[in-house]
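Chains as they are written, first to last, in the numbering used here: chain L, 1184 to 1579; chain B, 1184 to 1579.
The beta-carbon is built from N, C-alpha and C at its ideal position, and this holds for glycine as well.
Shown next, in structure tokens, is the structure this report addresses.
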């Protein structure tokens, strides 16, 4: 009997590389012990949330015990939280944003699916630079959207704006970017963003269904070397931003994110209302209420970037010592080095023989490289140094 | 410019009746003051969560402050929570259920969309008795499913099994039931469930793509008069159950639900894996982690049904005194009386003139009746008594 849909069956057959490595990791940890396995495959932020979270939880204890203390809230989010977010977004994005422009979602992922459901017609295209976060294809694919990837420019993975413009057709509905980038660590420059904005303005002249420029920014708070993470909203009325508190406050499991609609967008109120509705009808209903209350009270806090940076520098040394070529990440917590010899899956296999787990670039639509997360203890990074050397040597 | 998709635009034009009444209520409350408005339009459980939630929150404060304390968890839910849920489901459903059969979801709504995404091909039909929860159509419609409603049998709204069987075609994929029922308060009898199960067994003989019998049971814990809420899983291998803690623990805003796959279902492991994947790719990723931890620690608790029952009896008196015909609800917290005169929208309008808010049956695919939620303070019920009398009198 056929219990699942064909498309879903096909997707399961091509199961996510991240998931495969996760399972491989569990297996290795069982055999060798967890301290003998060097797992760089996951993006689960392991810096603790801001210490203040402890008192905030205790402070909420009385509140949640009240009638409606954990009740439904408006589908777009708690009004007070939307107000506070609007104030923060006005600073981050350097233009005034109101609470009416914000929809609080179930993580950045929930913002993406609710947005795609609201704007895509079947057959619409979503253009994004590759490498890209592997789930983007599913997010738009649920609603008949098709992801079209355009390779970014080496060595530092800024998007190839000319090639992206060349890829635009009458079916194009969204240009999706992700900065700071997963998996490359690239932070898009002001020049890049301006060129993308100009492109979208050009495309939209005389177009009935506008092309949106959607910037996925869950790693905005995690950047290094004082690099600027420039705002996109001021650059074109067609830009929208989404983000989450998964990384900036290490609240990944509680699923709090948001979509910010550009106040200058034509019919912005209609779009915000549509996403509020799809957020409800996709079954999210409202973002988890306790998470909203936590994030609201921790909005001015941040996670410890100094520790992330130490790990980044340690990982850079380990890779250099192993003779593995890479571009230094400026944001997020990933390296995306070239696989020595050029075959990412062969290199991942060689690393596995050293009990080192990474994800092949093929899992991000970009073979020939691998992704290594440095959201792990520094001793895991240092412990893997010799393994990296041996694995890299084998590939030459 | 056209910023949203046509289908979504159409859905917004036909905006939910519940939502319309909610907005009407806000307006009236502004004009007359909240204590002068009698709002029976919402199903937001207003009995507080079990008192123990206070100490549980405090107990979690240290835990959430740890590294990964609010980190991602496996897409199917916290292993310990799935274990605990499996034990509870084995009791509720009277057959042994394992943690591998359970997917923890973002509320019952999230369980429905993840399930529909996993099993529906475009054009598939979902048959359900009417009246029905208004969002069912959207939940399956996102993925090309079509809801086909079959009127339940008056006066007590048990589903019309013969008519449902007559409605089955080659395109039918799911029979969706909801017991205790929103909006009727009907609890499906053991006989009804057995007949539905026999029907599904019959249909599935020789069928390549089985028809599932999906029972939506978020109100399972809220039943009155010692009525039995019989289990469905033992009756056919094609039955699945979903539920939530929104009503049983008054945790609606934190969005914790679950799907229980029947251990006897062919390829049950494949189905559970598929729903785990769609739960991820629809953007839920995992059910909110703090909610999972709360629900796990409150699993043996329940909300105060005595208070719900008092309100039920008070509402019954008020309606009787107004000469409004109804069937006594046996579960959930809704009355679904016939509109005096037969025109539900006219009666809702007459009630509005008395500052009383309800939802017309049209919003549940069943005109001629109205839904009144008794998840409100008893004094709201008593305060509306004269208004109900006057409004009903006008309709005769």
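- In chain order, 1289, 1293, 1438, 1466, 1467, 1468 and 1471 make up the part of chain L whose C-beta sits under 9 Å from the C-beta of residue 1289 of chain B.
- Within the DSSP bridge table, the entry for residue 1308 of chain L names L:1329 and L:1355 as partners.
- Legend: CB atoms of the segment 1251-1276 of chain B lying less than 7 Å from CB atoms of chain L belong to residues 1251, 1252, 1253, 1254, 1255 and 1256.
- Judged by DSSP in its simplified three-state form, residue 1530 of chain B adopts helix.
- Bounds of the beta strand (DSSP E) holding residue 1399 of chain L are 1395-1399.
- Chain-order list of chain L residues neighbouring residue 1236 of chain B: 1244, 1247, 1248, 1252 and 1253, by C-beta distance under 9 Å.
- Under a criterion of Cβ atoms nearer than 9 Å, the residues of chain L adjacent to residue 1322 of chain B are, in order, 1464, 1465 and 1466.
- The alpha carbon of residue 1388 of chain B has as its nearest neighbour, out of B:1421, B:1358 and B:1215, the alpha carbon of B:1421.
- Runs of the alpha helix (DSSP H) spanning 4 or more residues and lying entirely within the segment 1478-1539 of chain L occur at 1488-1504 and 1527-1535, in chain order.
- Between residue 1468 of chain L and residue 1442 of chain L, the CB-CB gap reaches or exceeds 8 Å.
- Within the model, the alpha-carbon separation for residue 1526 of chain B versus residue 1564 of chain B is close to 23 Å.
- Note: residue 1552 of chain B is bridge-paired with B:1521 in the DSSP secondary-structure output.
- Of the candidates B:1456, B:1570, B:1291 and B:1372, B:1570 places its Cα closest to the Cα of residue 1498 of chain B.
- Residue 1296 of chain L and residue 1316 of chain B have their C-alpha atoms roughly 23 Å apart.
- In this structure the segment 1346-1366 of chain L touches the segment 1397-1413 of chain L; the number of beta carbon pairs closer than 8 Å is three or more.
- Shortest Cα-Cα distance from residue 1365 of chain L to any of L:1549, L:1197 and L:1575 involves L:1549.
- Under a 10 Å Cβ-count criterion, residue 1215 of chain L is classified as exposed, with fewer than 16 other Cβ atoms of the shown protein chains found around its own Cβ.
- In this structure, the alpha-carbon of residue 1409 of chain L lies about 21 Å from that of residue 1433 of chain L.
- Using beta-carbon distances, residue 1392 of chain B counts as an interface residue toward chain L, with a partner under 8 Å.
- Residue 1227 of chain B and residue 1287 of chain L have their C-alpha atoms roughly 19 Å apart.
- The beta-carbon of residue 1302 of chain B is placed less than 8 Å from the nearest beta-carbon of chain L.
- Residue 1222 of chain L places its beta carbon less than 8 Å from that of residue 1208 of chain L.
- Of the residues assessed, residue 1246 of chain L falls on the exposed side of the cut-off, its CB having fewer than 16 other CB atoms within 10 angstroms.
- Exclusion of the five residues before and after residue 1263 of chain B leaves 1479 as the residues of its chain whose Cβ lies within less than 7 Å of its Cβ.
- Under DSSP, residue 1286 of chain L shares a beta bridge with L:1442.
- Taking 8 Å as the cut-off, the beta carbon of residue 1523 of chain B is found closer than this to the beta carbon of residue 1578 of chain B.
- Using a Cβ-Cβ distance cut-off of 8 Å, the segment 1329-1341 of chain B and the segment 1366-1377 of chain B are in contact, since at least three pairs of beta carbons, one from each stretch, lie closer than that value.
- Its chain contains 1420 as the residues whose beta carbon lies nearer than 7 Å to that of residue 1447 of chain B, once the 5 sequence neighbours on both sides are disregarded; these appear in chain order.
- Taking a Cβ-Cβ cut-off of 7 Å, the neighbours of residue 1457 of chain B in chain L comprise 1187, 1191 and 1195, given in sequence order.
- Residue environment for residue 1538 of chain L: buried (at least 16 other C-beta atoms within 10 angstroms of its C-beta).
- Between residue 1265 of chain B and residue 1279 of chain B, the beta carbon gap of about 14 Å keeps them out of contact (Cβ cut-off 8 Å).
- Taking one beta carbon from each stretch, the segment 1318-1326 of chain B and the segment 1292-1306 of chain B have 3 or more pairs nearer than 8 Å; the two touch.
- Taking a 10 Å sphere around the C-beta of residue 1204 of chain B, we find 16 or more other C-beta atoms and assign the residue as buried.
- If you ignore the 5 residues before and after residue 1473 of chain B, its C-beta comes within less than 8 Å of the C-beta of 1243, 1247, 1253 and 1437, all in its own chain and listed in chain order.
- At least one beta carbon of chain L lies nearer than 8 Å to the beta carbon of residue 1232 of chain B.
- Look at residue 1221 of chain L here: in three-state DSSP terms it is strand.
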